[in-house]
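Under mature numbering (1 follows the signal peptide of the UniProt record, and there is no 0), residues -35 to -1, 1 to 459 are what the sequence shown spells out, in order. Where a beta carbon is used, it is the ideal one built from N, C-alpha and C, also for glycine. One structure is given here, and the rest of the page talks about it.
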Amino acid sequence: MLAHPSHHSHAAKMGSLHKATFVLLMLCMSALGRAEYLKYKDPKQPVGARVKDLLGRMTLTEKIGQMTQIERINATAEVISKYFIGSVLSSGGSPPFPRASAKDWASMVDEMQKAALSTRLGIPMIYGIDAVHGHNNVYKATIFPHNVGLGATRDPMLVKRIGEATALEVRATGIPYVFAPCIAVCRDPRWGRCYESYSEDPYVVRSMTTIISGLQGDVPSGSEGRPYVGGSKKVAACAKHYVGDGGTFMGINEGNTIIDNHGMMTIHMPAYYNSIIRGVSTIMVSFNSWNGTKMHANHYLITDFLKNKLKFRGLVISDWQGIDKITTPPHLNYSYSIEAGVGAGIDMIMVPFAYTEFIDGLTSQVEKNIIPMSRIDDAVYRILRVKFTMGLFENPYADRSLAGELGKQEHRELAREAVRKSLVLLKNGKSASTPLLPLPKKAGKILVAGSHADNLGNQCGGWTIEWQGDTGNDKTVGRRSFRRSSPPWTPTRR
């Protein structure tokens, strides 16, 4: 039986329709495939290419979020995702809860990271903490001598090993970034933070920047001067406080460093040269002023000198509410402080509490062309470069297998070695012919005067569990100067 001609026409039309549908489907799949390839998520791409690709996809809101660092207590999942927060920190004395374990810390950080990764572009946040003499904010972590003690050892390789141990303990808690080392050159012992300085001698301070290599890893040959973090067992370091914090008039904290350009460059700047060569990832700006100009508003030293002349490629971060203190009293004219601080070249702003005011203020200034978009792009480029260099896009979460590194016995032995090497004897007895030390093996009683000998908190000093440290033997775990034995010893108290 012959088919009606209209049937042939219908069949031909259906065939053409199916073919067109197939071609359209293939085109859609091809387009979808191209859309799914995001260069910034490809670890085979160079860091620069990944940064440029991601930066080009970001909105102003997302960029300013990356420039914002807030305190842990405010870092809810909703806040992180809503404002695209780029960084979170724990201030001194800000654990998830008292005596939190490595697992507890890692769980907290991972929850925040999940919120960051849930955003449109999935940019990981970076969590930072003040690990200035070991992972000192964490219960049961190894506490090392403060910088004043480490400087007295005159042993840069020992300090590097301390950096390595500290990096492992910090990573054990899921944290990839530390606000250390402090490379201040303390020129006046009246300064209350002199214990955070390795020495009054710029050469000694410069030699102790080996701790950066311990924290971050050794920079590969040919890559000197570029931000570098050598894998998931290392952390990003932060050289601070830029610059001249140890040279203020009369040792007044956050005061005015009165010194000419030559003095600044030969006394307070050399350690930063070495830090940059060692690939330090970040540099923190200081609260002090230089000849009356607040460092947080010093365009010459931050942009012209640090970024342009020294070719520092990492990110510049403010100190705690640092831009607020550009004015006297602090926060007097916050709009001006934002303009001055960001305009000076600060890339990431530590605004622990007033983050919405900062975000709104900076957004307004960019929209009004008070702060150019080029300044925002420079800041975000540097932030993303550090994050890519750290491997955060590939490994954003804590490595739970490192939990046992916290307070590890080998690290405690290293701390004891540092204590032994840090001891300085000013005078050995009345004369060289009658030395006091070494003590005879059959010595009778030894007088131990003062309550500090039996006080772990006092021996650890500031930046231990709490911002200013605390007194007592129940704040963390460790061995005091003496162990109770038989016969018992009794310290004298006055």
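Residue i, DSSP secondary structure in three states
i           : result
H98         : coil
T441        : coil
H261        : helix
Y299        : helix
residue 477 : Nothing can be reported for residue 477: it is not among the residues displayed for the chain, which extend from -35 to 459.
T84         : coil
S246        : coil
S396        : strand
S450        : Low per-residue confidence applies at S450: pLDDT is 48, beneath 50, and the placement is therefore not dependable enough to give any value.
I108        : strand
Y207        : strand
E431        : strand
P403        : coil
A414        : strand
Y5          : helix
F214        : helix
L390        : coil
A363        : coil
I335        : coil
A408        : coil
T231        : helix
G287        : coil
V307        : helix
E370        : helix
Delimiting residues of the alpha helix (DSSP H) encompassing residue i
i    : result
A145 : Premise fails: A145 is in no alpha helix (DSSP H) and is neither H nor E.
L327 : Y320 to E332
M338 : M338 to M355
I242 : P235 to I242
T131 : P121 to A137
L115 : N112 to T118
Q374 : Q374 to S387
N273 : Taken as a continuous stretch (DSSP letters only), N273 belongs to no alpha helix (DSSP H), as it is neither H nor E.
G422 : L421 to C425
For residue i, the residue or residues it bridges with in DSSP
i    : result
N221 : S254
G93  : L54 and Y142
I314 : T33
Delimiting residues of the beta strand (DSSP E) encompassing residue i
i    : result
L280 : L280 to I282
Closer than 8 Å to chain C by CB, residue i
i   : result
I29 : Reference to chain C is not applicable here, since this structure consists of a single protein chain.
Please determine if the region 395 to 413 and the region 33 to 42 are in contact, where contact requires at least 3 C-beta pairs separated by less than 8 Å. Using a C-beta cut-off of 8 Å, the region 395 to 413 makes no contact with the region 33 to 42, since fewer than three inter-stretch Cβ pairs fall below that distance.
Can you give, in chain order, each stretch of the alpha helix (DSSP H) that sits fully within the region 13 to 82 and has at least 4 residues? Entirely contained in the region 13 to 82, the alpha helix (DSSP H) runs reaching 4 residues are, in chain order, 25 to 31, 42 to 48 and 67 to 82.
Which runs of the alpha helix (DSSP H) spanning at least 4 residues fall entirely within the region 143 to 202, listed in chain order? DSSP runs (the alpha helix (DSSP H)) wholly in the region 143 to 202: 167 to 172 and 175 to 181.
Is the region 49 to 60 touching the region 91 to 101, taking contact as three or more C-beta pairs under 8 Å? Verdict: yes, contact present.
Does the structure place the region 299 to 313 close enough to the region 266 to 285 that three or more beta carbon pairs sit under 8 Å? With the cut-off at 8 Å, the region 266 to 285 and the region 299 to 313 touch.
Does the count of Cβ pairs from the region 135 to 154 and the region 235 to 244 closer than 8 Å reach three? Contact annotation: the region 135 to 154 touches the region 235 to 244, with at least three C-beta pairs closer than 8 Å.
Cβ contact check for the region 299 to 309 and the region 253 to 273: 3 or more pairs under 8 Å: Enough Cβ pairs lie closer than 8 Å, so yes.
The region 126 to 143 touching the region 201 to 214, judged by at least three CB pairs closer than 8 Å: Yes, the region 126 to 143 is in contact with the region 201 to 214.
Counting Cβ pairs closer than 8 Å, one from the region 165 to 182 and one from the region 431 to 443, do we hit at least three? The region 165 to 182 and the region 431 to 443 do not touch, with fewer than 3 CB-CB distances between them shorter than 8 Å.
Counting pairs of Cβ atoms below 8 Å between the region 107 to 119 and the region 72 to 79, do you hit three or more? Short answer: they don't touch.
Check whether the region 173 to 187 and the region 334 to 342 touch, using three or more Cβ-Cβ pairs below 8 Å as the test. No, because fewer than three Cβ pairs between the region 173 to 187 and the region 334 to 342 fall closer than 8 Å, the two stretches do not touch.
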